[in-house]
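Encoded as C-alpha cells, the structure appears first; notes follow it.
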Amino acid sequence: MNKEEYKRYNRQLILPEIGVDGQEKIIDSKVLIVGMGGLGSPIATYLAACGVGTIGLVEFDTVDLSNLQRQIIYSTSQIGKLKVQVAEQRLRDINPNTNIIKYNNVLTEKNYANIFANFDYIIDATDNLATRYLINDASISLGKKYVYGSIYNFEGKVSIFGAKDGPCYRCLFPEPPNAQNIPGSLELGVFGILPGVIGAIQATEVIKLICGVGEPLIGKLLIYDALDMVFKKVNIRKNPNCPICSKTPNLKIIGNYHKISNLEPKTEEVEKIEVKNAYTIFCNNEHQFIFLDIRDFCERKKTIPNSIHIPIHSLKNRMDELDKFKDKCLIVYCQEDSRSILAAKVLLAYGYKVFVLDGGMYSWMYEKLPLIDNI
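Reminder that position 123 of the sequence shown reads as 123 in the UniProt record's numbering, one-by-one numbering, no gaps.
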C-alpha cells in the first residue's frame with residue numbers, strides 16, 4: 001500500500017481483525033456483483049469504499065424514475081442512462097483505486113463461465129429467480145463462494161453458498177415453484193430502506209470471507225424483519241442428494257431455467273392508448289372495450305369504475321374468466337404500465353385484442369379522472 005492508501009483505509013487498518021494483511025487481501029480481491037438495483041447499489045458503494053481492488057458489475061438495465069426510491073447509487077439527472085455506466089462513475093468518485101469492470105448484459109448460461117472466471121467471489125443482488133438459480137448452479141460448478149441476498153416487502157434474507165462442505169441455494173430450495181405462483185420483480189413491493197440494510201450485510205459477509213475473520217453465514221440463513229426490527233438465524237443443512245452440490249452433481253440442469261419465468265416474453269407488439277382517449281371510451285360507455293386491472297389486491301384502494309380485476313400473477317390460471325370478452329378489446333392497466341405490457345403480451349398470445357393504458361393509474365389519477373373506492 002502507498003501513503004494515500006494507508007490514510008484512506010486508516011480506520012480499518014487499526015482494527016486488529018483486519019490490519020495491513022487484511023487490507024492487502026481486500027485490495028487484491030475481485031468481487032462480481034450480479035444486479036445493480038436496490039441491493040447492488042449499497043453493496044458496490046461499500047465495497048469500493050472498503051478498498052476492494054476489482055469490482056465487476058453485471059447489469060443490462062437503464063436508470064428509471066421508479067428505481068430512485070431504493071437504488072441509492074443513481075440520481076434523477078441520470079434517468080435513462082445505463083446503470084453500469086452511472087455506477088462506474090460513482091464508484092470511481094468514491095475510490096479511484098478500484099478497478100471497475102462492466103458487463104452491460106443479462107447473465108446467461110452462455111456467458112457465465114467467461115464472466116465468473118475473472119472473480120474470486122460472486123454476490124447475488126438480483127431480483128428474479130431464473131438468474132438466482134443460474135448464479136447458484138454456476139458458482140457451485142466453478143467452485144466459487146457467493147453471497148445470496150433477497151428482499152421482499154419488509155423482509156430480507158442473506159446467506160453464503162458454495163463454501164466447502166456448506167449448502168447451496170438448491171439445498172434450501174431444490175426446485176423453483178410453479179411459474180404461476182411467482183410474482184415478477186415488477187410486482188413486488190419493497191420498503192425503500194430495506195435494500196440498504198441487506199446490501200450492507202452482504203458487503204460485510206464478503207469482506208469477512210476475504211479477510212478470513214468472524215463467522216460467515218455459511219450454513220445459516222439470516223432473516224431480517226424490518227417492521228418488528230428482528231434478526232434471526234436459521235440453520236441450513238447440506239443436502240447429500242442435491243443435484244448441484246452433492247458428490248454426484250447433475251450439471252445438465254444448468255441453463256434449464258425457462259420454466260421459472262412467470263410470463264414468457266412474446267414477440268407481439270403492444271399498442272398503448274393515451275389516457276384521454278381511454279377516458280373518451282369510458283364516457284361513451286363503448287361496450288366493445290373492457291378495462292382490466294392487473295394490480296395486486298393491496299394496490300387497489302382506488303380503481304377505475306367497472307373494471308375487471310385479475311392480478312398479473314394469476315392471469316394464466318384465470319384466463320377462462322376472460323373467454324366471454326374474446327370479441328371485445330381489453331384495456332389493461334397497472335400502477336404505471338410496465339406490468340401491463342407483460343400481461344398484454346400474454347393476452348395477445350392467447351388471441352385477445354389488447355391495449356395498454358399509457359402511464360397506468362398514475363396517469364389516470366394525474367388527469368383527475370373518475371375513480372371509485374375498492375371496498
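Quick reminder that beta carbons are idealized off the backbone N, C-alpha and C, glycines included.
None of these values were measured; they are calculated from a predicted model.
Euclidean distance between Cα positions of A48 and I101: 12 Å
Spatial neighbours of L15 in its chain, beta-carbon cut-off 7 Å, leaving aside the 5 residues before and after: none
With DSSP as the reference, label T267 as helix, strand or coil. Only weak support is given to the placement of T267: the predicted model assigns it a pLDDT of 45, under 50, and the value that follows is read from those uncertain coordinates. Here T267 sits in coil by DSSP.
Any idea what DSSP makes of C242, helix, strand or coil? coil
Please state the DSSP three-state secondary structure of N181. Residue confidence for N181 is low, a pLDDT of 49 falling below 50, so the modelled location carries little weight; the figure read from the coordinates is stated next. N181: helix per DSSP, three-state reduction.
Distance, T303 Cα to F282 Cα: 13 Å
Looking only at DSSP bridge pairs, what is V230 linked to? D225
Rounded to whole angstroms, how far is the Cβ of S25 from the Cβ of C242, which I believe are closer than 8 Å? Checking the displayed sequence, the identity of residue 25 turns out to be Lys instead of Ser. In fact, because the Cβ distance is near 30 Å, the residues do not count as touching under 8 Å.
For a test of the three-state rule: what should DSSP assign to Y9, helix, strand or coil? coil
Pick from C298, S307, V270, E269: whose alpha carbon is nearest that of N285? S307
Which runs of the alpha helix (DSSP H), 4 residues or longer, sit entirely within the region 82-150? 83-94, 112-116, 129-141
Could you round the C-beta distance between L292 and V332 to whole angstroms and report it? I think they count as a contact, below 8 Å. 5 Å
Which class does E336 belong to by DSSP, given the choice of helix, strand or coil? coil
Identify the residues that DSSP records as bridge partners of C329: which are they? F289, K353
With the cut-off set at 8 Å, would you say L357 and V275 are in Cβ contact? yes
Using a Cβ-Cβ cutoff of less than 6 Å, which residues in the same chain neighbour E264 once the five nearest sequence positions on both sides are dropped? For E264, the predicted model reports a pLDDT of 46, less than 50, meaning its position is unreliable; a value from the coordinates is still stated below. Hits under 6 Å: none found.
The region 121-140 in contact with the region 26-38 per 3-pair CB rule at 8 Å: yes
Buried or exposed: where does A138 fall if 16 or more other Cβ atoms within 10 Å of its Cβ makes it buried? buried
Using DSSP with H/G/I as helix, E/B as strand and the rest coil, what is N235? strand
Thinking just about the alpha-carbon of each residue, which of D228, R237, Y74 is nearest to the one in residue 404? Given that the chain is displayed from residue 1 to residue 375, the structure contains no residue 404 and the question cannot be resolved.
For F282, which beta-bridge partners are listed by DSSP? None; F282 has no bridge partner.
Extent of the continuous alpha helix (DSSP H) to which T45 belongs: 40-50
Below 6 Å CB to CB, which residues in the same chain sit around E59 once its five sequence neighbours on both sides are set aside? M36, K83, V84
Going by DSSP in three states, F191 sits in which element: helix, strand or coil? coil
Using the C-alpha atoms, what's the distance from Q12 back to Q202? 18 Å
Can you round the beta-carbon distance between P167 and G219 to whole angstroms, since I take them to be within the 8 Å contact cut? 6 Å
Is the Cβ-Cβ distance between E155 and Y224 less than 8 Å? yes
Judging by CA-CA distance, which residue of P195, I273, E175 is the nearest neighbour of N239? E175
Name the two residues that bound the continuous beta strand (DSSP E) containing L32. 30-34
I need the boundaries of the beta strand (DSSP E) containing F159, first residue and last residue. A quick correction: the sequence has Ser, not Phe, at residue 159. Unbroken beta strand (DSSP E) run through S159: 155-161.
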